[in-house]
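Protein chains: 2
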Amino acid sequence: MAKVNVYVTLKPALLDAQGKVVQGALENLGFDSIESVRMGKFIEIEVNGGNGTLEQDVDEMCRKLLANPNIENYRYEIVKDGE
Amino acid sequence: MAKVNVYVTLKPALLDAQGKVVQGALENLGFDSIESVRMGKFIEIEVNGGNGTLEQDVDEMCRKLLANPNIENYRYEIVKDGE
Chain A
18 MAKVNVYVTL KPALLDAQGK VVQGALENLG FDSIESVRMG KFIEIEVNGG NGTLEQDVDE
78 MCRKLLANPN IENYRYEIVK DGE
Chain B
18 MAKVNVYVTL KPALLDAQGK VVQGALENLG FDSIESVRMG KFIEIEVNGG NGTLEQDVDE
78 MCRKLLANPN IENYRYEIVK DGE
């Protein structure tokens, strides 16, 4: 079994409204030296019987579903490779 | 400036409804060997003038705001330490 971690983040040029709200909330809690907060997604996928196309498959999953390529970047790492 | 990555994940014992929906959508796209999908949050925080208490501060941020300790686990890594 292969395990893949996918990280989806908003493109840096775009305003992260949710991150701004979290930053404000942290400042209200007394954390006043925060420069920025950006919220992204962390997706853990387990794939049965990893085959040779795992990396292409994951890239395709990201492009077709997990990330919105217009406004988001993604990266992934295969943390446990199947045999 | 310090940069911290925070990962918030649903506790393993709990059903991840959003992950199940994503898994179904991936299966509809033809990825039929997926064992599980779990959705988490990936939060990037930049802190000005990191001081000696950065690690405690980030832990407090997670406990007080970023994660719901009843149902979520969190971990963090300081990827760039302030001076």
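Protein sequence lines correspond, in order, to chains A and B.
The first sequence finishes on residue 100 if you use the numbering used here, and the numbering steps up by one all the way, no holes.
The second sequence finishes on residue 100 if you use the numbering used here, and the numbering steps up by one all the way, no holes.
Every residue gets a Cβ at the ideal spot worked out from N, C-alpha and C, and that includes glycine.
Exercise. Is it right to say Glu-61(A) is buried, meaning 16 or more other beta carbons lie within 10 angstroms of its own, or is it exposed?
Worked result: Residue 61(A) sits at position 44 when you count from the first residue of the first sequence. Glu-61(A) is buried by the Cβ-count criterion.
Problem set entry | Contact set between Ala-42(A) and chain B, taken where Cβ atoms lie within less than 7 Å | Here residue 42(A) corresponds to residue number 25 of the first sequence, with the count starting at 1. Ordered by position in chain B, the residues that pass the 7 Å Cβ test against Ala-42(A) are Leu-82.
Exercise. For Asn-22(B) versus Phe-59(B), is the C-beta distance shorter than 9 Å?
Worked result: Counting from one through the second sequence, the residue named residue 22(B) turns up at place 5. Counting from one through the second sequence, the residue named residue 59(B) turns up at place 42. Yes, Cβ-Cβ distance for Asn-22(B) and Phe-59(B) is below 9 Å.
For this session: Indicate whether Lys-28(B) and Asn-90(B) have their beta-carbon atoms separated by less than 9 Å.
Result: Locating residue 28(B) in the second sequence gives position 11, counting from the first residue. Locating residue 90(B) in the second sequence gives position 73, counting from the first residue. Yes; because the gap between Cβ atoms is below 9 Å, this pair is in contact.
Exercise. Roughly how many angstroms separate the alpha carbons of Gly-41(A) and Glu-94(A), rounded to a whole number?
Worked result: The sequence position of residue 41(A) within the first sequence is 24, counting from 1. The sequence position of residue 94(A) within the first sequence is 77, counting from 1. Answer to the nearest angstrom: the Cα atoms are 32 Å apart.
Exercise. Checking contacts by CB at 9 Å: is Gly-69(B) closer than that to chain A?
Worked result: Counting from one through the second sequence, the residue named residue 69(B) turns up at place 52. It does not; no Cβ of chain A falls within 9 Å.
Problem set entry | Per-residue DSSP class, three states only, for Ala-42(B) | Your numbering for residue 42(B) matches position 25 in the second sequence. Of the three classes helix, strand and coil, the one that applies to Ala-42(B) here is helix, per DSSP.
Exercise. Can you give the Cα-Cα distance for Asp-74(A) and Val-39(B), rounded to whole angstroms?
Worked result: As a working mapping, residue 74(A) is identified with position 57 in the first sequence. As a working mapping, residue 39(B) is identified with position 22 in the second sequence. When rounded, the distance between both Cα atoms is 15 Å.
Problem set entry | Contact set between the stretch 50-70 of chain A and chain B, restricted to residues whose Cβ is under 9 Å from the partner | Going along the stretch 50-70 of chain A in chain order, one finds Ser-50, Ile-51, Glu-52, Ser-53, Val-54, Arg-55, Met-56, Gly-57, Lys-58, Phe-59, Ile-60, Glu-61, Ile-62, Glu-63, Val-64, Asn-65, Gly-66, Gly-67 and Asn-68 with a Cβ nearer than 9 Å to chain B.
Exercise. Between the C-alpha atoms of Asn-45(B) and Ala-19(B), what's the straight-line distance to the nearest angstrom?
Worked result: Numbered from its first residue, the second sequence carries residue 45(B) at position 28. Numbered from its first residue, the second sequence carries residue 19(B) at position 2. The straight-line gap from Cα to Cα measures roughly 42 Å.
For this session: Verify the CB distance criterion: does Val-39(B) have a CB-CB separation below 9 Å to chain A?
Result: If you number the second sequence from 1, residue 39(B) lands on position 22. Closer than 9 Å: yes.
For this session: Tell me Phe-59(A)'s beta-bridge partners as DSSP assigns them.
Result: Taking the first residue of the first sequence as position 1, residue 59(A) is located at position 42. DSSP, once it has assigned bridges, lists Tyr-24(A) and Gly-57(B) as partnering Phe-59(A).
Exercise. Taking only beta-carbon atoms, is Val-96(B) less than 9 Å away from chain A?
Worked result: For the purposes of this step, residue 96(B) is identified with residue 79 of the second sequence, where counting begins at 1. No, Val-96(B) does not count as interfacial toward chain A.
Problem set entry | As assigned by DSSP and simplified to three states, the class of Ala-34(A) | Within the first sequence, numbered from 1, the residue matching residue 34(A) stands at position 17. Correct three-state label for Ala-34(A): helix.
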